[in-house]
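Participant: In terms of my numbering, the sequence shown opens at residue 1324 and continues consecutively. All C-beta atoms in this analysis are idealised placements derived from N, C-alpha and C, irrespective of residue type, glycine included. This one's a predicted model, so the numbers in the text were calculated from it and none came from an experiment.
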Amino acid sequence: MKKIMVDMDDVLCEKGFIRMINEFLETNYEQEDANSYYINDLIPKERLKEWAEWYSTKNAYDYVDIVKDSQEVMEKLNKVYDVYIATAYVFRDAPEVSGKTLNDKYNFLLKNFPFIDPHKFIFISNKDLLDADIRIDDSPKKLMGKAELKLLFTAYHNKNMTEEELKQNNFVRVNNWKEVEEILLK
Ligand SMILES: [Mg+2]
């Protein structure tokens, strides 16, 4: 069986961070308003400490949507591939609260992707250390490790990547889980 490594945030679940930021700041930002992968850059510097404290009292996964069709396609993939979920969990703004984030991530995966053996959840920062035949991630940086096929899952922060940039990096863009299914299961 080929090994597939699937990212979690903005691939299996989405929009949690922006909702939390809006609740905290009492704003109505859209994800597209963030200029970077780190959507928390929308928080003014002088409120970062307060934000981290507030964040640590919440379960970020209470705020997410499950990405459309991800459960159904993941379940199908899991029958013909060796599927792992690899996700970063260290919270940049306050690394000391990351243990809780890890716990919340684990429980979310267990509940919503129950067909994946929890031994195949990988909590890690540098995904380049992992070996996989196929990688699916929304972060171009996290797709840099070795793989024969790299699927860049479209997200607010990678929309502007050009065809040429995709080609240079050997990325294939996928806009949704139906497209993943089309490539990996047809
Ligand atoms: Mg991600």
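Since residue 1424 is in the alpha helix (DSSP H), which residue starts that stretch and which ends it?
Facilitator: Residue 1424 -> alpha helix (DSSP H) spans 1421–1435.
Participant: Taking 8 Å as the threshold (beta carbon to beta carbon), is residue 1382 in contact with chain C?
Facilitator: Chain labels in this structure do not include chain C; a single protein chain is all it has.
Participant: Taking 7 Å as the line, does the beta carbon of residue 1333 fall inside it for any heavy atom of ligand 1?
Facilitator: Checking the Cβ of residue 1333 against ligand 1 gives yes.
Participant: Run through DSSP, which three-state label would residue 1343 get?
Facilitator: Residue 1343 falls in the helix class under three-state DSSP.
Participant: Hey, which unbroken runs of the beta strand (DSSP E) at 3 residues or more fall wholly within the stretch 1462–1504?
Facilitator: Counting whole runs of 3 or more residues, the stretch 1462–1504 contains the beta strand (DSSP E) stretches 1472–1476, 1494–1497.
Participant: Would you say residue 1462 touches ligand 1, meaning its beta carbon is less than 7 Å from a heavy atom?
Facilitator: Yes, Cβ of residue 1462 sits closer than 7 Å to a heavy atom of ligand 1.
Participant: Per DSSP, which one or two residues make a beta bridge with residue 1405?
Facilitator: According to DSSP, residue 1405 bridges with 1326.
Participant: Measuring CB to CB, does residue 1408 end up less than 8 Å from residue 1432?
Facilitator: The answer is yes: Cβ separation under 8 Å.
Participant: Alpha carbon to alpha carbon, how far is residue 1359 from residue 1415? Give it in angstroms, no decimals.
Facilitator: Roughly 14 Å between the two C-alpha positions.
Participant: Is there at least one non-hydrogen atom of ligand 1 closer than 7 Å to the beta-carbon of residue 1451?
Facilitator: It does not: the Cβ of residue 1451 is nowhere closer than 7 Å to a heavy atom of ligand 1.
Participant: Does DSSP classify residue 1415 as helix, strand or coil?
Facilitator: Coil at residue 1415, not helix or strand.
Participant: With 16 other CB atoms within 10 Å as the buried threshold, where does residue 1480 fall?
Facilitator: Residue 1480 comes out buried.
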